[in-house]
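Each remark here refers to the structure printed beneath this line.
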């Protein structure tokens, strides 16, 4: 499996994860990470002022947040999300041990067509396992769970222009007749990655499982 890409997360990836991802199960008291639209809004605001998300990892850069006036994205919410470094480290270590890779919108491996088509709604982070090259090769056939919402189906189509909606049986059938298959999961990526039924295809590079949701969700 090709997971070497994310053995070491860049500061940009760390900042993106802190602000946009869950590192455990959500509870009533959980401060929600930024949605894709919120992330685009906030990162654009930083860019217009000559900053990047990486600057937020530096204590001396925190005063710049005083200028932020987003209604649903409070300064307190941003600061809370940035303080989750320990939780992020533990979660990322677990994900990488399971053979997962992590791609953010600042990485060259991120599918360009997602950014072009979905624009501000493009997922800030993609999690996956298997051949990461399938995301940009244009030869993948996407199979997604029939329970996914329309927004997820749109995501699948934008990933490479083709999608087959179905269940695990559909994914098995698609794998048997295609050189490269992208299995799109709206949730449960970590559990699927650890499942023996997909291991051979993942190791062989004929399958990539990918999700915009945190692996443990």
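Residue numbers (the working numbering): 145 to 361.
Note that beta-carbon positions come from the ideal geometry of N, C-alpha and C, so glycine has one too.
Practice problem: Tell me residue 273's beta-bridge partners as DSSP assigns them. | Solution: 353
Quiz item: Which stretch, first to last residue, makes up the alpha helix (DSSP H) that contains residue 280?
Solution: 278 to 281
Quiz item: Using 8 Å as the threshold, is the stretch 215 to 233 in touch with the stretch 247 to 255, meaning 3 or more CB pairs across them?
Solution: no
Quiz item: By the 10 Å Cβ neighbour count, where 16 or more other Cβ atoms means buried, how is residue 207 classified, buried or exposed?
Solution: exposed
Quiz item: Opposite residue 248 in the DSSP bridges: which residues?
Solution: 269
Quiz item: Can you tell which of 164, 156 and 155 has its C-alpha closest to the C-alpha of residue 356?
Solution: 164
Quiz item: Expressed to the nearest angstrom, what Euclidean distance is found between the alpha-carbon atoms of residue 315 and residue 354?
Solution: 13 Å
Quiz item: residue 316 by DSSP, collapsed to three states: which one?
Solution: helix
Quiz prompt | Within 7 Å, strictly: CB atoms of residue 201 and residue 159 | solution = yes
Exercise. Count the other C-beta atoms from every protein chain shown that fall within 10 angstroms of the C-beta of residue 275, then say buried if there are 16 or more, exposed otherwise.
Key: buried
Practice problem: Ignore the nearest five residues each way along the sequence and tell me which others in residue 184's own chain have a CB closer than 6 Å to its CB. | Solution: 264
Exercise. State the DSSP-derived secondary structure class of residue 186, mapped to helix, strand or coil.
Key: helix
Quiz item: Below 7 Å between beta carbons: does that hold for residue 278 and residue 348?
Solution: no
Quiz item: Looking only at C-alpha atoms, which of 189, 198 and 188 sits nearest to residue 153?
Solution: 198
Quiz item: Contact check, residue 245 vs residue 272 under 8 Å by CB: the rounded distance?
Solution: 6 Å
Self-check item: 8 Å Cβ shell around residue 345 - same chain, five flanking residues per side excluded
Solution: 274, 319, 325 and 351
Exercise. Starting from residue 232, follow the alpha helix (DSSP H) in both directions and report where the run begins and ends.
Key: 229 to 241
Exercise. Sort 167, 330 and 337 by Cα distance to residue 231 and report the nearest one.
Key: 167
Self-check item: From 340, 330 and 341, residue whose alpha carbon lies closest to that of residue 360
Solution: 330
Exercise. Kindly give me the distance between the Cβ atoms of residue 334 and residue 242, rounded to whole angstroms, as I take these residues to be in contact under 8 Å.
Key: 6 Å
Practice problem: Would you identify the three-state DSSP class for residue 197, choosing helix, strand or coil? | Solution: helix
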